[in-house]
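Report on the following structure.
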Amino acid sequence: MQFRTKAIHVGNARDPQTGAVVPPIHVASTYVQPGAGEWGEFDYSRSGNPTRKNLETTLAALEAGTGALAYASGMAAIHGAMMLLESGDHVVAGSDIYGGAYRLLHKICNRSGVTTTLAPSSDLGALEAAITPQTKMLWIESPGNPQMSISDIAACAEIAKRHHLLLGVDSTFATPVLTRPLELGADIVMHSATKYLGGHSDVLGGALVVNDKSLYDRLYFVQNATGAVLGPFESFLVSRGLKTLELRVREQCRTAQKIAEFLDADPRVSRVLYPGLPNHPGHEIAARQMDGGFGAMLSFEVNGDFAATKKVAESTRLFQLAVSLGAVESLIEQPASMSHASYDRDARLAHGIRDELIRLSIGLEAFEDLRDDLDQALGA
Amino acid sequence: MNDPNRVPLDVSDLGFSTSSVQAGEARQKPESAITDPIFCASTYTFTDTASVIRYIEENEEREEYGRYGNPGEKIAEKKLAALEGGEDAVLYSSGMAAIVGLLMAKLNAGDEVIFFDECYHRSREFCSKHLARFGVVTRQVKACDYDAMEKAINKNTKMLVSESPTNPHLSVVDLEKFAAIGKKHGVETLIDATLATPYNVRPLEYGVDYVLHSATKYLAGHNDLLAGVIIGSKAQLESVRKLRGIMGGINSPHNIYLLLRGLKTFSLRMERHNQNGQAIAEFLESHPKVEKVYYPGLPSHKYFDIAKQTMRGFGGLITFLVKDADWRKTADVIDAVKIPRIAPSLGGVESLIEQPLVMSYYQLAPEERAKFGIYDNMIRMACGIEDAEDLIADLKQALDSI
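Taken in sequence, the protein lines are chains P and F. Heads up: the first sequence at position 197 corresponds to 197 in the UniProt record's numbering, and the numbers run straight through without jumps. Heads up: the second sequence at position 95 corresponds to 95 in the UniProt record's numbering, and the numbers run straight through without jumps.
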């Protein structure tokens, strides 16, 4: 069965009691048991919920995994993965990982004696050099944010195997439509389901998907013990979003490619960062690793200073000024004043986040309309 | 209200997918949220007596009581009106509530309504059995027989009604001709365009007065809510909206939210439904066990020429006859498919399949069914947005199994 058919049918069996073509939303917090000490499939909604389980079944199928867990947010999912670690363990994380993951590792996990070293995951030598005898996990993101840096997941998986580490991949930007990290040797794939999986800017959610049963059991134990599960309504909305995931992502990729080419040819733009452009450093790996599209996130640098860039970001009519990404509505933001404003300027520059950088999340609007909007904003 | 961020974007010269995502929505929403909140309130408060009086005397635009409307409903109506190229839209709790709402508002005792006979049988039943109790006369003429329709018009005729395409025969109405008959005789016209959707054809552009949709189908698109809508001019819909406030068939805030969410991917889904419909219709036509395929995108279809002239694509609904099969053998095909589910309805992401004889006409005698063109070996398939290759392989194995 092909991807899109799976997204619609796996985990969405007809309701056996009523025949409903869409499974019901199970809101019950608890379940009546057949007898004292005899347990049915579901006992208490934190431990398992039919609506959440349907979503997890679909996600596992789409990521070519055997088990998935849905969390209350992307951060809850990352935290769930990091709780596999113990005091004294060490993590090597990509230097361009999401700021929230950075904060979790450096401000929360450190309190339990888990240490972290950052290394550029697009530089395999540097990544491997950061590994110590205490290292237990590699955590990478591809494409990375906001430079759309590409990591070679299969090569990272080889490094992880060689050193007996778990490889976790935050695949939020790629989605299983374009890249399935488990097929490339990763152990854990993570998603902020808030983004493309939900796809409509109306759910917060996170997910982990794995292939290994014992790894699933360990993650499930943590999730059940700590409780950051996804609610039934949100599970339903993510499941509903998944049904159009492939259509949305492919269309958004096509539009993003054309927008990247338009910006690349515009003299008011000094640089475009999009893996679909041959001049992007990760283009070759992306072409191999991403199936038929390069994602719908792109960044570009305006020929101008901080204020001129801010003006561009504030002048669009269709692109809305907001952080987050991956939904039907196109969004625009200036990392220096928004998503990365909490870093001081030198730290931003060290990560390649210049004042004139703008990040776009391409939605489902028509290409011509988005192009015209950027054109007028650049001229504003 | 003059703040450009608080009023919906003018989408009149923007693309269809842009309209699907952005039409009807204020750029700046409550709490600056990117999506509109779901207002569940049954009633809306006034700050003081003076504000109540101002609302009544100045006809101020605001909410009052949930039966008269809610904020989400207004957004959905604006989006639907924009997509259909109409001035106004009135949203209902189902497609049937919508047509009933329109006809009840427009027809009085002694008035007559004329249907093309392939219209949804529940719509015709409402008129012939229930409106009849209030003295409204219903006449039916053969679908797409414009002369017969014109001949049936008399001084009491107030409304001409058709579906386009019709269900399950997929007959396509010449909308220009249909609207012209109405204009010539001063009779209003209604097209149920549920199967076409505004992605494929916009009847108002041909001079039709009202467009009806069961928004349950393609517009919402996920088989998880019921909704209906009438679109037309503000002046013509004023009495319709007022009556809805009295009859109470308004949709609920949660449903409306799901409808709005579904509309965001409407353009994208329709493109895929059209592609799947065409590919599967062509496959079926080439299969030796298929006797006939009804699909407006096939050159063999009776209405191919008019469909090609007026429609951008032909939707996901296909009807076909299984060769040399009785009703049981036809049922075997349906029971052998693995991907489409056996269910009535259409227009959702999941493919559905049914045998009209069993699903909708089981109680009728064979000669009655034949009158409606419902044959024992007829199958109706509503293509979803799964991969066409998967659906074709599934239909192939089912047909080959008999």
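For glycine and all other residues, C-beta sits at the position ideal for the given N, C-alpha and C.
Whole-number beta carbon distance between residue j and residue i, since they are thought to touch under 8 Å
i                 : j                 : result
Thr316 of chain P : Asp373 of chain P : 5 Å
Thr43 of chain F  : Gly66 of chain F  : 6 Å
Gln2 of chain P   : Asp3 of chain F   : Wrong, their Cβ atoms sit about 47 Å apart, outside the cutoff.
Leu25 of chain F  : Pro37 of chain F  : Residue identity differs from the one stated: residue 25 of chain F is Glu in this sequence, not Leu. Wrong, their Cβ atoms sit about 12 Å apart, outside the cutoff.
Ala97 of chain F  : Phe134 of chain F : Actually they do not touch by this definition, with Cβ atoms about 17 Å apart.
Ala193 of chain P : Gly205 of chain P : 4 Å
Leu346 of chain F : Lys217 of chain F : 6 Å
Ile259 of chain P : Arg371 of chain P : 6 Å
Ala155 of chain P : Leu124 of chain P : 5 Å
Reduced DSSP category for residue i - H, G, I as helix; E, B as strand; rest coil
i                 : result
Ala13 of chain P  : coil
Ser201 of chain P : coil
Lys107 of chain P : helix
Met1 of chain F   : Note that Met1 of chain F has pLDDT 41, beneath the 50 cutoff, so the model's placement of it is unreliable and no number is given.
Lys136 of chain P : strand
His191 of chain P : strand
His121 of chain F : helix
His79 of chain P  : helix
Leu230 of chain P : coil
Arg348 of chain P : helix
Ala119 of chain P : strand
Ala377 of chain P : helix
Ala296 of chain P : coil
Val302 of chain P : strand
Arg359 of chain P : strand
Residue i classed as buried or exposed, judged by whether at least 16 other C-beta atoms fall within 10 angstroms
i                      : result
Asn276 of chain F      : buried
Cys109 of chain P      : buried
Cys147 of chain F      : At residue 147 of chain F the sequence reads Asp, which differs from the Cys that was named. Asp147 of chain F comes out exposed.
Cys119 of chain F      : buried
Arg4 of chain P        : buried
residue 403 of chain F : Look at the range of chain F in this structure, 1 to 402, and you will see that residue 403 of chain F is not part of it.
Asn167 of chain F      : buried
Ala160 of chain P      : buried
Leu349 of chain P      : exposed
Met1 of chain F        : Because the pLDDT of Met1 of chain F is 41, which lies under 50, any placement of that residue in the model is unreliable, and the number read from its coordinates should be weighed accordingly. Per the 10 Å Cβ criterion, exposed.
Asn5 of chain F        : exposed
Ala130 of chain P      : buried
Gln33 of chain P       : exposed
Gly113 of chain P      : exposed
Ala227 of chain F      : buried
Arg103 of chain P      : exposed
Ala225 of chain P      : exposed
Glu238 of chain F      : exposed
Ser20 of chain F       : buried
Interface partners of residue i on chain F, CB under 8 Å
i                 : result
Gln320 of chain P : Arg27 and Ile34
Ile8 of chain P   : Val349, Glu350, Gly384, Ile385 and Glu386
Asp369 of chain P : Leu14, Gly15 and Thr18
Per-residue contacts from residue i into chain P (C-beta, under 9 Å)
i                 : result
Lys292 of chain F : In chain order: nothing, as chain P lies at least about 27 Å away.
Amino acids of chain F, ordered along the chain, whose beta-carbon sits closer than 7 Å to that of residue i
i                 : result
Lys243 of chain P : His222 and Val349
Arg254 of chain P : None at all; the shortest Cβ gap to chain F is about 11 Å.
Gln2 of chain P   : Asp387, Glu389 and Asp390
Thr5 of chain P   : Ile339, Glu386, Asp387 and Asp390
Glu251 of chain P : Leu268
Leu178 of chain P : By Cβ distance, chain F contributes nothing, its closest Cβ being about 17 Å from Leu178 of chain P, past 7 Å.
Chain-ordered neighbours of residue i on chain F, where CB pairs are closer than 9 Å
i                 : result
His200 of chain P : Thr35, Arg261, Lys264 and Thr265
Contacts that residue i makes with chain P (C-beta to C-beta distance below 8 Å)
i                 : result
Leu219 of chain F : The premise fails here: Leu219 of chain F is roughly 14 Å from chain P at the closest Cβ pair, so nothing lies under 8 Å.
Ala215 of chain F : None at all; the shortest Cβ gap to chain P is about 16 Å.
Neighbouring residues, chain P, relative to residue i (Cβ below 7 Å)
i                 : result
Val21 of chain F  : Val328, Glu329, Gly363, Leu364 and Glu365
Ser17 of chain F  : Leu364, Glu365 and Ala366
Leu170 of chain F : Simply none; closest approach about 23 Å.
Ala343 of chain F : Val21
Suppose only complete runs of 4+ residues qualify. What are the alpha helix (DSSP H) ranges in the segment 305-333 of chain P, listed by chain order? 306-314
Return the chain-ordered ranges of every alpha helix (DSSP H) run that is complete within the segment 129-212 of chain F and spans a minimum of 4 residues. 146-152, 175-185 and 197-200
Entirely within the segment 291-376 of chain F and at least 4 residues each: give me those alpha helix (DSSP H) ranges in chain order. 304-310, 327-336, 356-359 and 366-371
Mind checking the segment 264-285 of chain F against chain B and listing, in chain order, the residues whose C-beta falls within less than 9 Å of any C-beta there? This model lacks chain B altogether; the protein chains it does include are P and F.
Those runs of the alpha helix (DSSP H) which lie wholly inside the segment 30-73 of chain P and span at least 4 residues: 50-62
Unbroken alpha helix (DSSP H) runs of length 4 or more, entirely within the segment 42-115 of chain F: which are they? 49-57, 71-84 and 95-106
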